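**Student:**
Residue numbers (this note's numbering): 28 to 274.
(1) So who's on the other strand from residue 90, going by DSSP bridges?
(2) Using 10 angstroms around the beta-carbon of residue 197, count the other beta-carbons present and answer buried if the total reaches 16, otherwise exposed.
(3) Closest to residue 236 by C-alpha separation, out of 245, 226 and 243, would be which residue?
(4) Out of curiosity, what's the CA-to-CA distance linking residue 119 and residue 204?
(5) Which of helix, strand or coil does DSSP assign to residue 65?
(6) Taking 8 angstroms as the threshold, find out whether the stretch 200-218 comes into contact with the stretch 246-257 through three or more Cβ pairs.
(7) Give every residue of the same chain whose Cβ lies closer than 6 angstroms to the Cβ of residue 157, excluding the five residues on either side of it in the sequence, and list them in chain order.
(8) Determine the burial state of residue 187: buried for a count of at least 16 other Cβ atoms within 10 Å of its Cβ, exposed for fewer.
(9) In whole angstroms, what separates the C-alpha of residue 260 from that of residue 82?
(10) Can you give the Cα-Cα distance for residue 216 and residue 250, rounded to whole angstroms?
(11) Once DSSP output is grouped into helix, strand and coil, what is the label at residue 28?
(12) When you compare only the Cα positions, how much space is there between residue 246 and residue 56?
(13) Please work out which residues of its chain come closer than 6 angstroms, Cβ to Cβ, to residue 218, disregarding the five sequence neighbours upstream and downstream, and give them in chain order.
(14) May I ask you to report which of helix, strand or coil DSSP gives residue 233?
What follows is the structure, encoded as C-alpha coordinates:
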(Lines of atoms letter the chains of each structure in order from A; the text may use other names.)
(Lines give C-alpha, C1' and ligand atoms only; values in the text may rest on other atoms or scores of the structure.)
Protein backbone atom coordinates (compact mmCIF):
# COMPACT_ATOMS: atom_id res chain seq x y z
CA UNK A 28 0.00 0.00 0.00
CA UNK A 29 2.93 2.34 0.62
CA UNK A 30 4.08 1.87 -2.99
CA UNK A 31 0.58 2.52 -4.31
CA UNK A 32 0.38 5.66 -2.19
CA UNK A 33 3.77 6.82 -3.47
CA UNK A 34 2.57 6.46 -7.07
CA UNK A 35 -0.59 8.43 -6.26
CA UNK A 36 1.57 10.98 -4.43
CA UNK A 37 3.59 11.52 -7.61
CA UNK A 38 0.38 12.36 -9.47
CA UNK A 39 -0.82 14.62 -6.64
CA UNK A 40 2.43 16.57 -6.92
CA UNK A 41 1.61 17.22 -10.58
CA UNK A 42 -1.89 18.36 -9.57
CA UNK A 43 -0.50 20.79 -6.98
CA UNK A 44 1.82 22.30 -9.60
CA UNK A 45 -0.63 22.50 -12.50
CA UNK A 46 -4.13 23.08 -11.12
CA UNK A 47 -3.57 26.66 -9.87
CA UNK A 48 -2.04 27.49 -13.26
CA UNK A 49 -5.10 26.25 -15.11
CA UNK A 50 -3.12 23.47 -16.80
CA UNK A 51 -4.25 19.94 -17.60
CA UNK A 52 -3.04 17.33 -15.12
CA UNK A 53 -2.91 14.73 -17.90
CA UNK A 54 -1.29 16.42 -20.90
CA UNK A 55 1.48 17.03 -21.57
CA UNK A 56 3.15 14.21 -19.65
CA UNK A 57 5.70 14.81 -16.92
CA UNK A 58 8.63 16.86 -18.18
CA UNK A 59 11.50 19.02 -16.99
CA UNK A 60 10.22 22.57 -16.39
CA UNK A 61 13.46 24.04 -17.74
CA UNK A 62 14.45 22.04 -20.85
CA UNK A 63 10.93 20.60 -21.43
CA UNK A 64 12.36 17.11 -22.04
CA UNK A 65 9.73 14.40 -21.49
CA UNK A 66 10.52 12.02 -18.64
CA UNK A 67 10.96 8.36 -19.48
CA UNK A 68 9.60 5.42 -17.46
CA UNK A 69 12.83 5.08 -15.47
CA UNK A 70 12.54 8.74 -14.42
CA UNK A 71 9.00 8.34 -13.12
CA UNK A 72 9.60 5.72 -10.43
CA UNK A 73 8.55 7.36 -7.13
CA UNK A 74 11.44 8.32 -4.81
CA UNK A 75 13.89 5.88 -6.41
CA UNK A 76 14.27 7.87 -9.63
CA UNK A 77 15.03 11.02 -7.61
CA UNK A 78 17.77 9.18 -5.75
CA UNK A 79 19.27 7.62 -8.88
CA UNK A 80 19.28 10.96 -10.69
CA UNK A 81 20.73 12.63 -7.58
CA UNK A 82 17.99 15.21 -7.66
CA UNK A 83 18.81 16.57 -11.11
CA UNK A 84 17.33 16.39 -14.60
CA UNK A 85 19.10 13.76 -16.69
CA UNK A 86 18.96 15.99 -19.78
CA UNK A 87 19.95 19.49 -18.62
CA UNK A 88 21.12 19.03 -15.03
CA UNK A 89 18.43 21.30 -13.58
CA UNK A 90 17.83 20.64 -9.88
CA UNK A 91 14.61 18.72 -9.16
CA UNK A 92 12.59 20.11 -6.27
CA UNK A 93 12.70 17.97 -3.13
CA UNK A 94 8.97 18.58 -2.92
CA UNK A 95 8.29 15.70 -5.32
CA UNK A 96 9.95 12.83 -3.43
CA UNK A 97 8.66 14.33 -0.17
CA UNK A 98 5.03 14.20 -1.26
CA UNK A 99 5.52 10.69 -2.67
CA UNK A 100 6.83 9.43 0.67
CA UNK A 101 4.23 11.40 2.62
CA UNK A 102 1.24 10.12 0.68
CA UNK A 103 2.71 6.61 0.75
CA UNK A 104 2.72 6.65 4.55
CA UNK A 105 -0.73 8.26 4.72
CA UNK A 106 -2.23 5.50 2.56
CA UNK A 107 -0.45 2.83 4.59
CA UNK A 108 -1.67 4.26 7.90
CA UNK A 109 -5.25 4.57 6.65
CA UNK A 110 -5.31 0.91 5.63
CA UNK A 111 -3.73 -0.13 8.95
CA UNK A 112 -6.17 2.02 10.92
CA UNK A 113 -9.32 1.23 8.96
CA UNK A 114 -8.58 -2.25 7.65
CA UNK A 115 -9.08 -3.48 4.11
CA UNK A 116 -12.80 -2.90 3.55
CA UNK A 117 -15.03 -2.07 0.62
CA UNK A 118 -15.21 1.54 1.78
CA UNK A 119 -11.48 2.16 2.22
CA UNK A 120 -11.32 3.85 -1.19
CA UNK A 121 -13.54 6.64 0.14
CA UNK A 122 -10.95 7.59 2.77
CA UNK A 123 -8.04 7.32 0.32
CA UNK A 124 -9.83 9.64 -2.11
CA UNK A 125 -10.52 12.21 0.62
CA UNK A 126 -6.91 12.06 1.81
CA UNK A 127 -5.71 12.65 -1.76
CA UNK A 128 -8.04 15.62 -2.26
CA UNK A 129 -7.07 17.37 0.98
CA UNK A 130 -3.35 16.83 0.29
CA UNK A 131 -3.71 18.64 -3.04
CA UNK A 132 -5.83 21.37 -1.43
CA UNK A 133 -3.24 21.87 1.31
CA UNK A 134 -0.37 22.07 -1.16
CA UNK A 135 -2.11 24.64 -3.35
CA UNK A 136 -3.35 26.71 -0.40
CA UNK A 137 0.11 26.75 1.14
CA UNK A 138 1.77 27.93 -2.07
CA UNK A 139 -0.92 30.11 -3.65
CA UNK A 140 -3.39 30.99 -0.90
CA UNK A 141 -6.36 29.56 -2.82
CA UNK A 142 -8.27 26.28 -3.02
CA UNK A 143 -9.67 25.69 -6.54
CA UNK A 144 -13.42 25.01 -6.74
CA UNK A 145 -12.82 22.10 -9.12
CA UNK A 146 -11.05 20.38 -6.24
CA UNK A 147 -14.01 20.67 -3.87
CA UNK A 148 -17.42 21.27 -5.46
CA UNK A 149 -17.68 18.22 -7.77
CA UNK A 150 -16.20 15.91 -5.16
CA UNK A 151 -18.80 16.80 -2.53
CA UNK A 152 -21.36 14.87 -4.55
CA UNK A 153 -18.92 11.97 -4.82
CA UNK A 154 -18.42 11.96 -1.07
CA UNK A 155 -22.14 11.86 -0.32
CA UNK A 156 -22.81 9.23 -3.00
CA UNK A 157 -19.97 7.05 -1.68
CA UNK A 158 -21.96 6.69 1.52
CA UNK A 159 -24.11 4.19 -0.39
CA UNK A 160 -21.34 1.65 0.27
CA UNK A 161 -22.60 1.62 3.87
CA UNK A 162 -26.29 2.18 3.14
CA UNK A 163 -28.80 5.03 2.80
CA UNK A 164 -28.33 6.08 6.41
CA UNK A 165 -24.68 6.89 5.68
CA UNK A 166 -25.69 8.85 2.57
CA UNK A 167 -27.98 10.98 4.76
CA UNK A 168 -25.28 11.45 7.40
CA UNK A 169 -22.78 12.58 4.80
CA UNK A 170 -25.26 15.06 3.35
CA UNK A 171 -25.78 16.43 6.87
CA UNK A 172 -22.01 16.55 7.32
CA UNK A 173 -21.61 18.58 4.15
CA UNK A 174 -24.15 21.18 5.28
CA UNK A 175 -23.11 21.22 8.95
CA UNK A 176 -19.36 21.51 8.40
CA UNK A 177 -19.61 23.96 5.53
CA UNK A 178 -22.20 26.00 7.41
CA UNK A 179 -20.10 26.16 10.58
CA UNK A 180 -17.02 27.48 8.80
CA UNK A 181 -19.17 29.85 6.72
CA UNK A 182 -20.56 31.31 9.95
CA UNK A 183 -17.05 31.64 11.38
CA UNK A 184 -15.90 33.34 8.17
CA UNK A 185 -18.72 35.88 8.50
CA UNK A 186 -18.11 36.57 12.19
CA UNK A 187 -14.33 36.78 11.81
CA UNK A 188 -14.60 39.14 8.82
CA UNK A 189 -12.12 37.35 6.63
CA UNK A 190 -10.47 35.13 9.20
CA UNK A 191 -11.35 32.24 6.93
CA UNK A 192 -11.95 32.28 3.20
CA UNK A 193 -14.47 30.73 0.87
CA UNK A 194 -11.98 28.01 0.01
CA UNK A 195 -11.88 26.93 3.66
CA UNK A 196 -15.69 26.80 3.75
CA UNK A 197 -15.85 24.54 0.69
CA UNK A 198 -12.96 22.38 1.88
CA UNK A 199 -14.70 21.74 5.21
CA UNK A 200 -17.94 20.98 3.37
CA UNK A 201 -15.96 18.46 1.31
CA UNK A 202 -14.56 16.86 4.47
CA UNK A 203 -18.07 16.65 5.94
CA UNK A 204 -19.38 15.01 2.77
CA UNK A 205 -16.88 12.18 3.23
CA UNK A 206 -16.70 11.88 7.02
CA UNK A 207 -20.20 12.89 8.08
CA UNK A 208 -21.04 15.50 10.75
CA UNK A 209 -19.09 13.97 13.63
CA UNK A 210 -16.01 13.05 11.61
CA UNK A 211 -16.08 16.45 9.94
CA UNK A 212 -16.45 18.38 13.20
CA UNK A 213 -13.71 16.31 14.82
CA UNK A 214 -11.48 17.14 11.85
CA UNK A 215 -12.22 20.84 12.33
CA UNK A 216 -11.47 20.76 16.05
CA UNK A 217 -8.17 18.97 15.41
CA UNK A 218 -7.40 21.51 12.68
CA UNK A 219 -8.00 24.41 15.08
CA UNK A 220 -5.78 22.85 17.73
CA UNK A 221 -2.92 22.20 15.28
CA UNK A 222 -3.37 25.61 13.67
CA UNK A 223 -3.21 27.38 17.04
CA UNK A 224 -0.10 25.43 18.08
CA UNK A 225 1.68 26.15 14.80
CA UNK A 226 0.63 29.81 14.81
CA UNK A 227 1.88 30.36 18.36
CA UNK A 228 5.11 28.55 17.53
CA UNK A 229 5.74 30.74 14.47
CA UNK A 230 5.05 33.91 16.44
CA UNK A 231 7.33 32.87 19.31
CA UNK A 232 10.05 31.97 16.81
CA UNK A 233 9.71 35.40 15.22
CA UNK A 234 8.74 33.96 11.83
CA UNK A 235 5.24 35.45 11.87
CA UNK A 236 3.51 38.44 13.42
CA UNK A 237 0.13 38.28 15.14
CA UNK A 238 -1.68 39.89 12.21
CA UNK A 239 0.01 37.80 9.52
CA UNK A 240 -2.27 35.42 7.63
CA UNK A 241 -1.58 31.69 7.74
CA UNK A 242 -3.41 29.41 5.25
CA UNK A 243 -5.88 27.23 7.15
CA UNK A 244 -6.30 24.63 4.41
CA UNK A 245 -3.26 22.57 5.48
CA UNK A 246 -4.65 22.30 9.02
CA UNK A 247 -8.05 21.16 7.75
CA UNK A 248 -6.21 18.57 5.67
CA UNK A 249 -4.24 17.39 8.71
CA UNK A 250 -7.40 17.05 10.79
CA UNK A 251 -9.21 15.11 8.07
CA UNK A 252 -6.28 12.75 7.54
CA UNK A 253 -6.01 12.06 11.28
CA UNK A 254 -9.70 11.12 11.39
CA UNK A 255 -9.32 8.98 8.25
CA UNK A 256 -6.49 7.09 9.91
CA UNK A 257 -7.84 6.77 13.44
CA UNK A 258 -11.44 5.81 12.75
CA UNK A 259 -14.06 5.95 15.48
CA UNK A 260 -11.75 6.07 18.50
CA UNK A 261 -10.72 9.67 17.84
CA UNK A 262 -14.40 10.61 17.52
CA UNK A 263 -15.13 9.12 20.93
CA UNK A 264 -12.10 10.98 22.27
CA UNK A 265 -13.37 14.31 20.91
CA UNK A 266 -17.06 13.55 21.54
CA UNK A 267 -17.16 11.13 24.54
CA UNK A 268 -20.96 11.11 24.67
CA UNK A 269 -21.26 9.55 21.19
CA UNK A 270 -20.83 6.09 22.69
CA UNK A 271 -23.91 6.69 24.85
CA UNK A 272 -26.10 7.33 21.79
CA UNK A 273 -24.94 4.22 19.98
CA UNK A 274 -22.37 5.74 17.65
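Even for Gly, the Cβ is constructed at its ideal location relative to N, Cα and C. Model, not experiment: these values are computed from the prediction.
**Tutor:** For this structure:
(1) Residue 90 sits at position 63 when you count from the first residue of the chain shown. DSSP lists 83 as partners of residue 90.
(2) Within the chain shown, residue 197 is the residue found at index 170, counting from 1. Classification of residue 197: buried, given that the 10 Å Cβ count is 16 or more.
(3) As a first step, residue 236 is located in the chain shown; it is residue number 209 there, counting from the start. Checking every option, the nearest Cα to that of residue 236 belongs to 226.
(4) Mapped onto the chain shown, residue 119 falls at position 92. Mapped onto the chain shown, residue 204 falls at position 177. When rounded, the distance between both Cα atoms is 15 angstroms.
(5) In the chain shown, residue 65 corresponds to position 38, counting from 1. Strand.
(6) yes
(7) Within the chain shown, numbered from 1, the residue matching residue 157 stands at position 130. Taken in chain order, the residues that qualify are 121.
(8) Taking the chain shown and counting its residues from 1, one reaches residue 187 at position 160. Exposed: under 16 other Cβ atoms inside 10 Å.
(9) Here residue 260 corresponds to residue number 233 of the chain shown, with the count starting at 1. Here residue 82 corresponds to residue number 55 of the chain shown, with the count starting at 1. Distance between the alpha carbons of residue 260 and residue 82: 41 angstroms.
(10) Mapped onto the chain shown, residue 216 falls at position 189. Mapped onto the chain shown, residue 250 falls at position 223. Distance between the alpha carbons of residue 216 and residue 250: 8 angstroms.
(11) Position 1 of the chain shown holds residue 28. In the structure shown, residue 28 sits in coil (DSSP, three-state: anything other than H, G, I, E or B).
(12) For this step, residue 246 is matched to residue 219 along the chain shown. For this step, residue 56 is matched to residue 29 along the chain shown. The straight-line gap from Cα to Cα measures roughly 31 angstroms.
(13) Along the chain shown, read from residue 1 onward, the residue named residue 218 stands at position 191. Only 246, 247 and 250 meet the Cβ criterion.
(14) On the chain shown, position 206 is the one that residue 233 refers to. Coil at residue 233, not helix or strand.
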